[in-house]
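K.L.:
Below you'll find the structure I mean.
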Amino acid sequence: MNLDGIISLLIACIELVYIINLLVFSERNAVNKLVIGILVLLFGYQFIEFLICFAGMQRQIIIYLAFLDITLLPPLCLYAVLRFSARENHLSKLVFIPALFFIVYYPFVLDQFAVTKCTVLYASYHYPLGELYGIFYYLPIIFSIIILNKKWGAETDPLNKSLTRTFLFGFLFTFIPSMILAIAIPTFLTAVESLLCKLAFIFASFLFYFALKNRQTSERK
Numbered sequence: 000m001n002l003d004g005i006i007s008l009l010i011a012c013i014e015l016v017y018i019i020n021l022l023v024f025s026e027r028n029a030v031n032k033l034v035i036g037i038l039v040l041l042f043g044y045q046f047i048e049f050l051i052c053f054a055g056m057q058r059q060i061i062i063y064l065a066f067l068d069i070t071l072l073p074p075l076c077l078y079a080v081l082r083f084s085a086r087e088n089h090l091s092k093l094v095f096i097p098a099l100f101f102i103v104y105y106p107f108v109l110d111q112f113a114v115t116k117c118t119v120l121y122a123s124y125h126y127p128l129g130e131l132y133g134i135f136y137y138l139p140i141i142f143s144i145i146i147l148n149k150k151w152g153a154e155t156d157p158l159n160k161s162l163t164r165t166f167l168f169g170f171l172f173t174f175i176p177s178m179i180l181a182i183a184i185p186t187f188l189t190a191v192e193s194l195l196c197k198l199a200f201i202f203a204s205f206l207f208y209f210a211l212k213n214r215q216t217s218e219r220k
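Taking numbering that gives the first Met the number 0, the leading residue of the sequence shown gets 0, the next gets one more, and so forth.
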């Protein structure tokens, strides 16, 4: 019995439940809408990976769609952090430029995309410009952590401090374990996109709680 990708389906289903609950119960302010967008991308990747590994849909265009999805995640996270931290300005949307480069470039090299391995837990891929992609993938995450850490230290309002801590811990409890795993288990790097998105279920859970508690429409529309 083929169970490859089944963990991706399980996580996708839970993230879909998060999304539905937030659409029903969370306040419709700008930051929460961005959080829902992040959860939609996380759900989308897990569902596509399920299709790749369980349903055998391994055409290059499907792999590209998976990368398109996760490529938008870091800049969207950073943009949400900028908005939440009241640091957004007319230049903030420039954080999407590196992601757009890869989104536009990769269709021209689709023949270099391939699934190299599928398991119950993860998928691994071959794709061009892997090291450059990794740099531009992690930089927005690092900037997000720095901004949230500074906001947390400077915040005096108890609610905002709690919200900032939740947002920050979502990043830390997701990406610090991934760094430890990358050091301790070298094979982690061969499937880093897939495994990181599995660990991002932790991030999704923190974001779900954050958005339910984030009820400050008047300040963040």
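Think of the CB as a built atom: it goes at the ideal place given N, C-alpha and C, for glycine as much as any other residue.
Quick one: give me the first and last residue of the beta strand (DSSP E) that Lys-116 is part of.
P.N.:
113 to 117
K.L.:
Could you tell me the boundaries of the alpha helix (DSSP H) in which Tyr-63 lies?
P.N.:
59 to 70
K.L.:
Where does Glu-192 land, buried or exposed, given buried means 16+ other C-beta within 10 angstroms?
P.N.:
buried
K.L.:
Should Thr-173 be labelled buried (16 or more other beta-carbon atoms within 10 Å of its own) or exposed?
P.N.:
Around the C-beta of Thr-173, 16 or more other C-beta atoms lie within 10 Å, and the residue is accordingly described as buried.
K.L.:
So the candidates are Pro-73, Leu-138, Ile-10 and Tyr-17; which of them puts its Cα closest to the Cα of Phe-49?
P.N.:
Ile-10
K.L.:
Kindly indicate which three-state DSSP category Ser-84 falls into: helix, strand or coil?
P.N.:
coil
K.L.:
Name the two residues that bound the continuous beta strand (DSSP E) containing Tyr-137.
P.N.:
DSSP places Tyr-137 outside any beta strand (DSSP E); the residue lies instead in the alpha helix (DSSP H), whose first and last residues are 129 to 153.
K.L.:
Indicate whether the contact test is met: 3 or more Cβ pairs, each with one atom in the stretch 94 to 105 and one in the stretch 56 to 76, closer than 8 Å.
P.N.:
Judged by pairs of C-beta atoms under 8 Å, the stretch 94 to 105 touches the stretch 56 to 76, as three or more such pairs exist.
K.L.:
Please report the residue range of the alpha helix (DSSP H) in which Ser-204 lies.
P.N.:
191 to 212
K.L.:
Can the beta-carbon of Leu-2 be found less than 7 Å from the beta-carbon of Val-119?
P.N.:
yes
K.L.:
Let me check one thing: in DSSP terms, what residues is Ser-177 bridge-paired to?
P.N.:
Paired residue(s): none; Ser-177 is not in a bridge.
K.L.:
Opposite Ala-122 in the DSSP bridges: which residues?
P.N.:
Cys-117
K.L.:
Grouping DSSP H, G and I as helix and E and B as strand, with all else coil, what is Asn-31?
P.N.:
helix
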